[in-house]
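Take a look at the structure set out below.
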Amino acid sequence: MITPSLILGMSVLCLVQRFWALRGMMKPADVQAMQGRSFSLNPSARWGQVVWLNGIVLGAFGAMACFSLSWETLLGPWLSVAILGVGWWLCWRYLTPRCHARAIAEGMVITLLRLSSLVAIFTTAAIVLSLTFEAMAFFRLVSPWDFLFGTHWSPQMALRSDQTGSSGSFGAIPLFAGTLMMTVIALSLALPLGLFSAIFLSQYATHRQRFWLKPMLEILSGIPTVVYGFFAVAVIAPTLRDFGASFGLTVMTESALVAGSVMGVMIIPLVSSLCDDVLSAVPKRLKEGALGLGATSQEVITGVVVPAALPGIISAFILAFSRAVGETMIVVMAAGIAANLTANPLEPVTTVTVQIVKLLIGDQEFDSPKTLSAYALGFVLFFITLMMNIIAMNRIKAYRSRYD
Amino acid sequence: MIDHKNRSFRRRHWRDRVFRRVAVGCVGFALLALLTLLSSLIAQGWGAFVSYSVEIQAQDIPPNLPSSDRAAVVAIITSFLQTPVTSKQDVIRLFGADAGSQLVAWLKQPQGPLRLRLSDDADMVLKHSYQDSPLKPEQRKILNDLRDLGVVRQHFNITFFTSGDSREPELVGIYSALVGSLLTLATAFVMAFPIGVMTAIYLTEYAKPSAWRTWVEININNLAAVPSIVFGLLGLSLFIQFLGWPRSTPLVGGAVLALIILPTLVIATTAALKSVPTSIRMAALAMGASKTQMVFHHVVPYSIPGIMTGSILSMAHILGETAPLLLIGMVAFIVDVPGGITEAATTLPVQIFLWSESPERAFAEKTAGAILVLLVFLLIMNAVAIVLRHRHQKTWS
């Protein structure tokens, strides 16, 4: 393509010419003379070269225009002429000895940085907008009341729109109940284990132990959730089933207990690293005061350190909760699909995230309630985690301002 | 009095010891879980890296072979066994789906022995000697005869690293998924890294404490905790439905993953920039540097190790990300290596998910094998990050 390279070459030539001209003008006499606007006086004869150069370019383009007949081929050269002209004018207008290049550069950098910081806000806005729009479209088809308080979930029927009874039913209570049960199982494992791990790491462990244990826990938290899901299906589910069978219990392969407990193991490192941070941040003087009064280290921890760090610990727990609610792969692989309203952890239940994945895997039509219901579920999920995050962030801030 | 005191003293210290043991036990439980996870994965997945073939020397191959390649395979094996075989189907099903083409390729270029891949069922029987295998007793007998004749060889399963997905477990490989992962990660990095670093620079160096800055920071902290599946929903409706980008491609996957790591990247870069002491900034300004020169010539170079560590860790994080990719259709059955970021592709974790859904036992082995490869990659990335952190960590005094 000849046009872009021409533009580039000519612009560079133009700039070089202008700087050359400027260098010539930078004689004291010229600067003195340049009190007015730069184009009102033209002391340098080198300006003539710039004009000449551009004249040659224009002539070349004109010749090209004469040779080419169709409009499309004409558009390119004339567009480049226009761009060249604008660039030339900008050079001519602003590249003067009085041009404050540094300020302009600073301003451009700041604008660029500010624009990139907009992306974060755009992302949030896009999430809120897309979820809201699709959820609104869904609620035009299904009433919000039925969605939030209905107890029957079977979106599969909505696939066959030509048949009778095609509306499907979108009562999300079984999903919410399943999510809650899964979360409770996971957290009842992760919160105590994580907290006690953090207590060990921050209060008892020697420097050497910390050096080895911290990366181990980091590995545990770095393992992808799909791996945990496979672990749950391939290892934990058969083990629990055999274990339950030895007690005469029938543990289903896709039971809530399997997915929940593996999820709990996954969340332990999150809880322990967050709690470790807040426990380590408790001022030493509090601990030493208690120890000086004769308390055992257990009494120091339960009576002084943990209460002092409580806001931070609670916010860690809240973050763990929102992590458990939003966890997807483990439940997709290890939990059930059928919506099942039950309180028995040995039976399969399904969760909000499982349903989102199952509804949207494969081809989607954006006008069926089946697809849109996934957005309604996503909206609920986002809203819950948003609330939790805001509460947790405020608590952490309160905690920080207490001891900073 | 003293007795009572002693009892209370003993009780308190007993409680102390119990408490300490509980804490140790909890850490132990976490480590035990890690150990169980890794050991069970290795136990299940080692078999994916080795496979069995039948190797027949050139002089043992009968001269007049049937024209059909599968019949030729059967003829070679039956003549080699020198015992009558009741069913030809039994023989051919012992071999992999590409045994015929392996034979054809060898006949074109007869170098070394003829190597015929065994089927996944035969492979699993040889590896684990299952009793409840789908192999028939006659097939087991043929297999045992072949093994007794010393032609069944175990070798490194190169196919697992050079081919794509397949319906046949003995032919599957992770290569196309690996390439897909690489393309997706590269796209995500190219999109997220500049924006993330620039946002962090703006927040730490330029923005004055204002409502705008607080608002951006709240947004970033909140985005860091949004479940990844919500980003998948966003990608589906924004990139695919609204902007009309091609489904199932590394372009969309990379864009979604870029949005996921953006907050992590910003937080890591902010921490790295903040660790550069104020004296450096002051010195640069005092030498007449402009603010931009101060930031880009002094502060950013000093914080590059921290930025690199943060970006490697966030890359490791999205290397294992699966759920959002399921929603944007990267669950396709991909045999060929994707040639660019606008072609349908899948990634390693999604491949793992797809294989884990398959009922065959051989696929469970391949799943665990692919997981081991994924974990090795993650381990390498984490190790590089840790080494970077330790080597370039500057302690400012």
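So the protein lines, in turn, are chains A and B. Per our numbering, residue 1 is the first one in the first sequence, and the count goes up by one each step. Per our numbering, residue 1001 is the first one in the second sequence, and the count goes up by one each step. Backbone N, C-alpha and C define an ideal beta-carbon position, used for all residues, glycine too.
Where the beta strand (DSSP E) through residue i begins and ends
i: Arg1140(B); result: No beta strand (DSSP E) holds Arg1140(B); the alpha helix (DSSP H) holding it covers Pro1137 to Asp1148.
Backbone secondary structure at residue i - three-state DSSP
i: Ala45(A); result: Low confidence applies to Ala45(A): its pLDDT is 43, below 50, so where it sits in the model is not reliable enough to give any reading.
i: Gln1059(B); result: helix
i: Val1085(B); result: coil
i: Leu1118(B); result: strand
i: Phe379(A); result: helix
i: Phe1333(B); result: coil
i: Ser1228(B); result: helix
i: Trp1355(B); result: helix
i: Trp1245(B); result: coil
i: Tyr1130(B); result: coil
i: Val1050(B); result: strand
i: Phe1095(B); result: strand
i: Phe170(A); result: strand
i: Ser1068(B); result: coil
i: Ser38(A); result: At Ser38(A), the pLDDT of 43 sits below 50, so the modelled position is not reliable; the number obtained from the coordinates is stated separately. In the structure shown, Ser38(A) sits in coil (DSSP, three-state: anything other than H, G, I, E or B).
Closer than 7 Å at the beta carbon, the chain B residues around residue i
i: Arg102(A); result: Ser1290
i: Ser375(A); result: The amino acid at residue 375(A) is misidentified as Ser; the sequence shows Tyr. Neighbours of Tyr375(A) on chain B, chain order: Leu1233.
i: Phe382(A); result: Val1226 and Val1230
i: Ile361(A); result: Leu1326 and Val1331
i: Arg114(A); result: Tyr1202
i: Val109(A); result: Thr1292
i: Phe196(A); result: Val1022, Ala1023 and Cys1026
For residue i, the first and last residue of its enclosing alpha helix (DSSP H)
i: Glu1170(B); result: Looking at the DSSP string, Glu1170(B) is not in any alpha helix (DSSP H), and its letter there is neither H nor E.
i: His207(A); result: His207 to Gly222
i: Val1152(B); result: From DSSP, Val1152(B) is part of no alpha helix (DSSP H) but of the beta strand (DSSP E) over Val1152 to Phe1156.
i: Arg285(A); result: Lys284 to Gly292
i: Trp1106(B); result: Ala1099 to Lys1108
i: Ile1174(B); result: Neither: Ile1174(B) is in no alpha helix (DSSP H) and is coded neither H nor E.
i: Ala1289(B); result: Where Ala1289(B) is concerned, there is no enclosing alpha helix (DSSP H), given that its DSSP letter is neither H nor E.
i: Trp145(A); result: Pro144 to Phe149
i: Asn1382(B); result: Arg1361 to His1392
i: Val265(A); result: Ala256 to Ser280
i: Ser246(A); result: Ala237 to Ser246
i: Val352(A); result: Val352 to Leu360
i: Gly1310(B); result: Val1300 to Leu1319
i: Ala335(A); result: Ala335(A) -> no alpha helix (DSSP H), and no H or E assigned at all.
Reference residue i; option with closest CA among the options
i: Thr1292(B); options: Leu112(A), Gly85(A) and Trp88(A); result: Leu112(A)
i: Ile384(A); options: Pro238(A), Gly229(A), Ala320(A) and Val235(A); result: Ala320(A)
i: Val1266(B); options: Pro1110(B), Phe1193(B) and Leu1183(B); result: Phe1193(B)
i: Ile1334(B); options: Arg1147(B), Tyr1175(B), Ala1255(B) and Ser1275(B); result: Tyr1175(B)
i: Thr342(A); options: Pro174(A), Phe133(A), Leu131(A) and Leu129(A); result: Pro174(A)
i: Ala1284(B); options: Arg1147(B), Val1299(B) and Ser1129(B); result: Val1299(B)
i: Glu1138(B); options: Met1191(B), His1317(B) and Gln1089(B); result: Gln1089(B)
i: Ile390(A); options: Met1330(B), Asn1222(B) and Gln1393(B); result: Asn1222(B)
i: Tyr1302(B); options: Leu1325(B), Met1287(B) and Thr1269(B); result: Thr1269(B)
i: Gly168(A); options: Val306(A), Thr132(A), Met182(A) and Asp146(A); result: Asp146(A)
i: Ser1133(B); options: Arg1115(B), Asn1064(B) and Leu1094(B); result: Leu1094(B)
i: Arg1070(B); options: Ile1092(B), Asp1060(B) and Pro1062(B); result: Ile1092(B)
i: Trp1355(B); options: Pro1338(B), Pro1113(B), Ser1166(B) and Arg1010(B); result: Ser1166(B)
i: Ser197(A); options: His1392(B), Gly1339(B) and Cys1026(B); result: Cys1026(B)
Contact set between residue i and chain A, taken where Cβ atoms lie within less than 9 Å
i: Asp1016(B); result: Thr296, Ser297, Gln298 and Glu299
i: Gln1399(B); result: Residue 1399(B) falls outside the range modelled here, since chain B spans only 1001 to 1397, and no answer is possible.
i: Thr1367(B); result: Phe230 and Ala234
i: Met1287(B); result: Ordered by position in chain A, no residue passes the 9 Å Cβ test against Met1287(B), which lies about 15 Å from the chain.
Per-residue contacts from residue i into chain B (C-beta, under 9 Å)
i: Ile268(A); result: Cys1026, Phe1029, Ala1030 and Ala1033
Within chain A, partners of residue i - CB distance below 7 Å
i: Ile1371(B); result: Val227 and Phe230
Listed by chain order, chain B residues near residue i by CB distance under 8 Å
i: Tyr204(A); result: Arg1020, Ala1023 and Val1024
>> Check whether the region 1040 to 1053 of chain B and the region 1152 to 1159 of chain B touch, using three or more Cβ-Cβ pairs below 8 Å as the test.
In response: yes
>> Contact between the region 1318 to 1327 of chain B and the region 1341 to 1354 of chain B is defined here as three or more beta-carbon pairs at a separation below 8 Å; is this criterion met?
In response: yes
>> Does the contact criterion of 3 or more C-beta pairs under 8 Å hold for the region 1354 to 1370 of chain B versus the region 1118 to 1136 of chain B?
In response: yes
> Contact between the region 1215 to 1232 of chain B and the region 1284 to 1299 of chain B: three or more CB pairs below 8 Å?
Replying inline: no
> Can you find at least 3 beta carbon pairs, one from the region 386 to 401 of chain A and one from the region 302 to 312 of chain A, that sit closer than 8 Å?
Replying inline: yes
> Is the region 259 to 268 of chain A touching the region 290 to 309 of chain A in the sense that three or more CB pairs, one from each, lie closer than 8 Å?
Replying inline: no
> Are three or more beta carbon pairs between the region 1304 to 1316 of chain B and the region 334 to 351 of chain A nearer than 8 Å?
Replying inline: no
> So, do the region 1027 to 1035 of chain B and the region 1075 to 1086 of chain B have three or more beta carbon pairs nearer to each other than 8 Å?
Replying inline: no
>> Between the region 1246 to 1265 of chain B and the region 119 to 130 of chain A, can you find at least three pairs of beta-carbon atoms closer than 8 Å?
In response: yes
> Do three or more CB pairs link the region 1059 to 1068 of chain B to the region 1379 to 1387 of chain B at distances below 8 Å?
Replying inline: no
> For the 8 Å Cβ check, are there 3 or more pairs between the region 205 to 215 of chain A and the region 282 to 289 of chain A?
Replying inline: no
>> Count Cβ pairs between the region 346 to 360 of chain A and the region 241 to 251 of chain A that sit closer than 8 Å; are there 3 or more?
In response: yes
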